[in-house]
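Student: In our numbering, the protein residues as written are 12 to 151.
Here you go, one structure.
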Amino acid sequence: MTRIVPYLLYKDCEAALDWLARAFGFDEVLRYTGEQGYVNHAEMQFDGAPIYMGNPGEGYRNPKELGQETVGLYIEMEGDVDAHFEHAKAAGAEILEPPTDQEYGHRRYTARDPEGHHWFFAQITKDVPAEEWGAQVASA
């Protein structure tokens with residue numbers, strides 16, 4: 012089985028591990044602290060879906076320092092996206108967009124973590140064929 016696992020870089024991976032658990036409900040699976048004394052590699056899960064993280068060391072600039080979004084992580088979740096939003100908001104997540112129904116059948120909110128990564132949490136509310144919302148399906 013092939014799978015794609017996002018690997019995010021954090022200047023303060025220790026703080027990111029704690030924040031993602033508190034704000035978004037991620038579960039920490041693994042933490043490796045290298046000889047340099049900081050987390051070189053870590054793994055978390057959200058509803059069983061993995062994400063890898065690490066601190067690349069000196070010279071790294073996160074999206075917040077760059078002043079721009081560099082990646083967006085889109086999570087299609089099974090649970091109640093409105094309840095997840097309320098929890099994230101109460102935990103201090105920077106909300107960029109509250110839960111909003113999308114034309115493609117998702118209810119989604121957008122938040123930014125303390126280092127500037129954008130997170131999209133979505134609940135599928137209905138099956139909407141791509142043609143109905145203006146997308147083109149690639150032919151095989």
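Backbone N, C-alpha and C fix where the C-beta goes; we use that ideal spot for every residue, glycine too.
Just so it is clear, the structure is predicted and the values come from calculations on it, not from any experiment.
Quick one: what does DSSP say W40 is sitting in, helix, strand or coil?
Tutor: Your numbering for residue 40 matches position 29 in the sequence shown. With the sequence shown as reference, residue 40 is identified as Val, and Trp is not the correct amino acid for it. Strand.
Student: Tell me which residue opens and which closes the beta strand (DSSP E) that E69 is part of.
Tutor: Against the sequence shown, residue 69 aligns to sequence position 58. Segment: none, E69 is in no beta strand (DSSP E) and carries neither H nor E.
Student: Contact defined as beta carbons within less than 8 Å: I believe Y120 pairs with F132. What is the distance between those atoms, to the nearest angstrom?
Tutor: The residue given as residue 120 occupies position 109 in the sequence shown. The residue given as residue 132 occupies position 121 in the sequence shown. Correct: roughly 6 Å between the Cβ atoms.
Student: Compute the Euclidean distance between the alpha carbons of D124 and G68, then round it to the nearest angstrom.
Tutor: Counted from its first residue, the sequence shown places residue 124 at position 113. Counted from its first residue, the sequence shown places residue 68 at position 57. Straight-line Cα distance between these residues: approximately 19 Å.
Student: With DSSP collapsed to three states, give me the class of E105.
Tutor: Working through the sequence shown from its first residue, we reach residue 105 at position 94. Note: E105 maps to strand in three-state DSSP.
Student: Between which two residues does the beta strand (DSSP E) containing A122 stretch?
Tutor: Counted from its first residue, the sequence shown places residue 122 at position 111. 117–123 is the extent of the beta strand (DSSP E) around A122.
Student: Expressed to the nearest angstrom, what Euclidean distance is found between the alpha-carbon atoms of H52 and P61?
Tutor: As a position in the sequence shown, residue 52 is number 41, starting the count at 1. As a position in the sequence shown, residue 61 is number 50, starting the count at 1. Taking the straight line from one Cα to the other gives about 13 Å.
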